[in-house]
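S.K.:
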Amino acid sequence: SQSLPVISLIDELMELTSQSLCQLEIKEHFNIIKEIGRGKYGRVLLVTHRWTPMALKVLPKASTKLQGFLREYCISLHLSCHPCIVGLFGIAFQSNEHYGFAQELVTGRDLFAIIQPRVGIPECAVKRCAVQISCALEFIHQRGLVHRDIKPENVLLLDTQCRRVKLADFGLTQRRGTFIRFISGTLPYMAPELCTMVLEEGQKEVKVPPLRVEPTLDTWAFAVLLFCILTGFFPWERCNDSDDFYEEFADWHRSPKNTPVPSQWKRFTPVCMQMFRRMLALDPSERCSVGEVKGYVGKDWVRAKDVNGWVGENGEVSKSTPSPCRGSCITPVTLYSHFLTDKPPVPILGEIGSMEALCALCEHDVTVVLD
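Using my numbering, you'd call the opening residue of the sequence shown number 589 and step up by one each time.
(1) Any chance the region 720-727 sits against the region 627-644, with 3 or more Cβ pairs inside 8 Å?
(2) Measure how close the beta-carbons of Asn799 and Leu782 come, nearest whole angstrom, since I'm counting them as under 8 Å.
(3) For the region 612-631 against the region 681-694, are there 3 or more C-beta pairs whose distance is under 8 Å?
(4) Could you tell me the distance, in whole angstroms, from the CA atom of Ala779 to the CA atom of Phe618?
(5) May I ask you to report which of helix, strand or coil DSSP gives Leu654?
(6) DSSP three-state label for Leu612, please.
(7) Write down every uninterrupted run of the alpha helix (DSSP H) in the region 801-886 whose length is 4 residues or greater and which is fully enclosed by it, in chain order.
(8) Secondary structure at Val753, three-state DSSP: helix, strand or coil?
(9) Where DSSP assigns a beta bridge to Asp698, which residues make up the other side?
(10) With a threshold of 16 other CB atoms inside 10 Å of the CB of Leu654, please say whether the residue is buried or exposed.
(11) State buried or exposed for Ala811, treating a residue as buried only when at least 16 other CB atoms are found within 10 Å of its CB.
(12) For the alpha helix (DSSP H) holding Ile738, just list the boundary residues, first then last.
(13) Answer with buried or exposed for Val719, where buried requires no fewer than 16 other C-beta atoms within 10 angstroms of its C-beta.
(14) Here's the rule I'm using: 16 or more other beta-carbon atoms within 10 Å means buried, otherwise exposed. How should Pro797 be labelled?
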């Protein structure tokens, strides 16, 4: 298996980085322009170093273990050669109060910022994202790793038409086969087996065995991401039996294949629902790989719509009801603020007449890297 030597390489990188981690104060070595991102674990700063613009990710020592920082940095560095993954400069350091590393500055928005609530983004742009994200995830999975935080906020755009996107943020990335004993909260992107690991308030431990980390966790999250950017809302709030919209979907998934789809999913074509059925299999062992998505991009995903609703293959019209659950509507709040240059983005593929061309671009670049 090729994943074993890669894991050993990451361990070696972590050891070498810990031995050579330089001590510096951020303001003495970087010109800070502004903060461009803030999350639970740290901040992202737009800086220049010797006139080179870059994004500096800084994590407070008070809430960050050294091993966790080294793991994120070394995994990010190892994966950054892929054209659909954000690049790194190979600069890691510690200050009196922070750990930090420098990464490529992506001067566009993140995917979350361009989602129109209850509308989503155009299907052609969704498919461009789907191909590139699936290529990035395949690259990650081939190296024995699982991203574990697939969501629109972690997909950075080089242009607003999604001709080039890059996957970012490897703070939660883990090795395949690692065991999770509990999690402290849920997101709509979390697979049902992960939602069983939630440590509720007042509990000291969860009542289920530890969960083995597998690429199928990313497959599920990727499917929810696709739903969100196609519709502009979440399919559910969390994957458990307290969520009516998840239960409706789960009942459909357990039913014969000709069973009518749940109300929120009526906008999608049968081919698209076949893709979602494969990606969102309730049993993780039955989920498809992330790469299978590329086999569906040549087909229509969203039905035509008239004033009364979504038009099916037989001409029937059906309504699609967005989930009214708390926080279900995607709003224009984003992890990354926008640093926009005056220069328009360079179109990489023009109007994408062929999804195969985009697949070829990703795979060609990966082949060059691996050779």
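Heads up, the beta-carbon is just placed ideally off N, CA and C, and yes, glycines get one too.
M.R.: The relevant details are as follows:
(1) no
(2) The sequence given here has Leu at residue 799, not Asn. Contact flag correct, Cβ pair sits at about 7 Å.
(3) yes
(4) 40 Å
(5) helix
(6) coil
(7) 804-819, 832-842 and 858-867
(8) strand
(9) Leu744
(10) exposed
(11) buried
(12) From DSSP, Ile738 is part of no alpha helix (DSSP H); its letter is neither H nor E.
(13) buried
(14) exposed
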